[in-house]
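Below is one structure; the comments refer to it alone.
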Amino acid sequence: MAAFEGRTALVTGAARGIGRAVAERLARDGADLALCDLQADWLEDTAAAVRAMGRKTETWAVDVSRSDAVAETVERVLETFGRIDVLVNNAGITRDKLLARMTDEDWDSVLAVNLRGTFLFSRAVARPMMKQRSGAIVNIASIIGLIGNPGQCNYAASKAGVMALTKSTAKELASRNVRVNAVAPGFIETRMTDVLAEDVREKMLAAIPLRRLGTPEDVAEAVAFLAGDAASYVTGHVLTVSGGMVM
Ligand code: NAP
Numbered sequence: 002m003a004a005f006e007g008r009t010a011l012v013t014g015a016a017r018g019i020g021r022a023v024a025e026r027l028a029r030d031g032a033d034l035a036l037c038d039l040q041a042d043w044l045e046d047t048a049a050a051v052r053a054m055g056r057k058t059e060t061w062a063v064d065v066s067r068s069d070a071v072a073e074t075v076e077r078v079l080e081t082f083g084r085i086d087v088l089v090n091n092a093g094i095t096r097d098k099l100l101a102r103m104t105d106e107d108w109d110s111v112l113a114v115n116l117r118g119t120f121l122f123s124r125a126v127a128r129p130m131m132k133q134r135s136g137a138i139v140n141i142a143s144i145i146g147l148i149g150n151p152g153q154c155n156y157a158a159s160k161a162g163v164m165a166l167t168k169s170t171a172k173e174l175a176s177r178n179v180r181v182n183a184v185a186p187g188f189i190e191t192r193m194t195d196v197l198a199e200d201v202r203e204k205m206l207a208a209i210p211l212r213r214l215g216t217p218e219d220v221a222e223a224v225a226f227l228a229g230d231a232a233s234y235v236t237g238h239v240l241t242v243s244g245g246m247v248m
């Protein structure tokens, strides 16, 4: 039997990049997928790929930073699928600027999506997962939350917060067999890194022992491991997927 057969996974930010790769990876292993992003029509390609693998899927437009919208989405997902076994908090944004130039809006928007969004979805699934006495939450952090980066104090703080949230919720939910882990990717080939100048990219490659940027699929493999039964004795862990850049 496939590892996620009969299980439902909810993935945020699933329209593209890492979120899409995670959704497809879990579907390949049997999961049904609740796909969330800012607009439902952006999710059509991901949904089509999931359906092509014979899995059930629905799409939801939800801004992860909005408390009411998140609570309502989780309720609808539970009505549609009956349960949520895996939550992947993946939606994330950057608004890079040096500290002296960073606006309140730059700070607030990044914290709202990356950290508050992760909190809101985790809170919304906690009760049903505890009730069913099983569940796995995987939060997408970043190595920047571990090592910092000039121009990204808002992003670094949000991702460090995600890791702290991961550990605290792991301790809270463990007695009900709900595991909470994080993946901290390094530099991954997505739209987020497409915008980097060539010289920045060269510098980055020189700092990566495996000498390549990661792929969304590299991250998806780590998420599938932490979400599945192979990791049934792993909770509160932050798994870096960075080609050795952070060890
Ligand atoms: P991406 O290609 O920009 O995809 C992120 C998705 O999340 C997009 O579809 C985006 O929609 C959506 N999103 C943004 N704000 C949202 C909101 N408020 N509510 C719901 N969905 C929202 O990014 P990615 O590179 O795959 O990154 C995914 C995650 O990995 C993020 O948490 C990121 O911080 C983390 N990460 C990425 C890297 C990397 O190198 N790429 C490294 C470390 C960590 P829009 O298209 O409207 O923005």
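According to this note's numbering, the sequence shown is numbered sequentially starting from 2. Glycine included, every Cβ here is placed at the ideal spot set by N, Cα and C. As the structure is a computational prediction, the values presented were derived from the model and not from experiment.
Query: Please classify residue 248 as buried or exposed, where buried requires at least 16 other C-beta atoms within 10 Å of its C-beta.; Result: exposed
Query: Any heavy atom of the ligand NAP within a distance shorter than 7 Å of the CB on residue 219?; Result: no
Query: Taking the alpha carbon of residue 41 as the point to measure from, which residue in 61, 33 and 47 has its own alpha carbon closest?; Result: 61
Query: When the Cα atoms are used, what is the spatial distance from residue 12 to residue 208?; Result: 31 Å
Query: Hey, would you say the C-beta of residue 191 is under 7 Å away from at least one heavy atom of the ligand NAP?; Result: yes
Query: For the stretch 192-203 against the stretch 161-171, are there 3 or more C-beta pairs whose distance is under 8 Å?; Result: no
Query: Where does residue 236 fall in DSSP's three states?; Result: coil
Query: Looking at the ligand NAP, does it come within less than 7 Å of residue 148, judged from the CB to the closest heavy atom?; Result: no
Query: So, are the CB atoms of residue 92 and residue 146 less than 8 Å apart?; Result: no
Query: May I ask you to check if the CB of residue 39 is nearer than 7 Å to at least one heavy atom of the ligand NAP?; Result: yes
Query: Any idea if residue 148 is buried or exposed, counting beta-carbon neighbours within 10 angstroms, 16 or more meaning buried?; Result: exposed
Query: Are there three or more Cβ pairs, one per stretch, closer than 8 Å when the stretch 181-197 is compared with the stretch 50-69?; Result: no
Query: Quick check on the DSSP output: what are the complete alpha helix (DSSP H) runs of length 4 or more inside the stretch 65-110, in order along the chain?; Result: 68-82
Query: Tell me which same chain residues have a C-beta within less than 6 Å of the C-beta of residue 183, skipping the five on either side of it?; Result: 140, 142, 164, 167 and 239
Query: Quick one: give me the first and last residue of the alpha helix (DSSP H) that residue 227 is part of.; Result: 217-228
Query: Looking at the unbroken beta strand (DSSP E) that takes in residue 182, where does it start and where does it end?; Result: 179-186
Query: The ligand NAP and residue 97: does any heavy atom of the ligand fall closer than 7 Å to the residue's C-beta?; Result: no
Query: Can we say the stretch 149-159 touches the stretch 105-117, given the rule of at least three CB pairs closer than 8 Å?; Result: yes
Query: Hey, out of 151, 137 and 188, whose CA is closest to residue 172's CA?; Result: 137
Query: Report, in whole angstroms, the separation of the C-beta atoms of residue 17 and residue 192, which I expect to be a contact under 8 Å.; Result: 6 Å
Query: Could you say which of 4, 14 and 126 lies nearest to residue 31 if we only look at CA atoms?; Result: 4
Query: Cβ-heavy atom distance between residue 83 and the ligand NAP below 7 Å?; Result: no
Query: Quickly, what does DSSP pair residue 195 with across the bridge? List them, please.; Result: Note: residue 195 sits in no beta bridge, so no partner.
Query: From residue 38 to residue 14, what distance separates their C-alpha atoms?; Result: 5 Å
Query: Taking 8 Å as the cut-off, decide whether the C-beta atoms of residue 82 and residue 33 are in contact.; Result: yes
Query: Looking at the ligand NAP, does it come within less than 7 Å of residue 135, judged from the CB to the closest heavy atom?; Result: no
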